[in-house]
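Colleague: Quick note on numbering: the sequence shown equals residues 0 to 180 in numbering that gives the first Met the number 0. The C-beta atom is built at its ideal place from N, Cα and C for all residues, glycine as well. Structure in structure tokens, see below.
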Amino acid sequence: MDYIPKETLKKRFYSLPDRLQDVILSEDTAGVIRKAANFADVEEQAGTIAILTGRVLMGFLHPDEFKDALKEELNIDERTALQVSEMIRSQVFDLVEAELRKLYPPKIKTPTVTSKGFLNVDKKEEKKEDKDDAFKMRFMKTELDKEADLTKSKKDDEIEKGEIERKDIEDKNQVINHMNN
């Protein structure tokens, strides 16, 4: 478990809404943690459960990561970690759900199911990128066309003056046309 300096914890605690501060210091929360430790048969590690619970309530550990943190720190199996996390979630975190949402704004997930009426976000982003790329390509082509016209105009002037051979210009124009396609 990563160390969080006491000063950082103190600053964060006092910046929290009163409701979260109350839940962190609540005897009811301590009772739920003791009950969860007894359930998991890790009474001697109730302090670790309290620290992890506090980290969720203070914004240092995302609620979605709570179960995995319990499993790792307590060295318990997946099922027990799930049961302990659900016990604490239902009796502690759910009491301050609105406050926790402010600490942990929802993550936008990409839909995995595509069916009629649903858009796959990745494809939508891909289409946007394709449109951006197409616009850039059209812009570049327009710029190249302008440059080619300007170059051709200059070359025509030079041909009239007899400074350049027509064959050299035709070769260069083929290269420019190839780049545009």
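In the structure shown, what three-state DSSP assignment does Asn-37 receive?
Modeller: Three-state DSSP puts Asn-37 in a helix.
Colleague: Would you call Phe-38 buried or exposed, if buried means 16 or more other Cβ atoms sit within 10 Å of its Cβ?
Modeller: By the 10 Å Cβ count, Phe-38 comes out exposed.
Colleague: Which residue from Gly-58, Leu-69, Asp-67 puts its Cα closest to that of Val-95?
Modeller: Nearest of Gly-58, Leu-69, Asp-67 to Val-95, Cα basis: Gly-58.
Colleague: Identify whether Ser-84 lies in helix, strand or coil by the three-state DSSP scheme.
Modeller: Helix, per DSSP.
Colleague: Ile-87: which of Asp-63, Lys-101, Leu-102 sits nearest, CA to CA?
Modeller: Minimum Cα distance to Ile-87 is reached at Asp-63.
Colleague: For Tyr-13, is the beta carbon positioned less than 6 angstroms from some heavy atom of the ligand FAD?
Modeller: Ligands in the displayed structure: none, and consequently the ligand FAD is not present.
Colleague: Does DSSP classify Leu-94 as helix, strand or coil?
Modeller: Leu-94 falls in the helix class under three-state DSSP.
Colleague: Which residues in the same chain as Val-83 place their Cβ atom closer than 6 angstroms to its Cβ, once the five residues preceding and following it in sequence are excluded?
Modeller: Ala-35, Ala-39, Leu-69.
Colleague: Run through DSSP, which three-state label would Glu-125 get?
Modeller: Summary for Glu-125: the model assigns pLDDT 48, below 50, so the residue's position carries little reliability; its value from the coordinates is reported in the next sentence. Here Glu-125 sits in helix by DSSP.
Colleague: Which class does Tyr-2 belong to by DSSP, given the choice of helix, strand or coil?
Modeller: Coil, per DSSP.
Colleague: To the nearest angstrom, how far is it from the Cα of Leu-56 to the Cα of Leu-19?
Modeller: Each residue's alpha carbon lies about 7 angstroms from the other.
Colleague: Select from Leu-60, Pro-16, Thr-7, Ile-3 the residue whose C-alpha is nearest the C-alpha of Ala-97.
Modeller: Comparing Cα positions, the closest option is Pro-16.
Colleague: Within this structure, are the beta carbons of Thr-47 and Val-91 separated by less than 7 angstroms?
Modeller: Contact: no.
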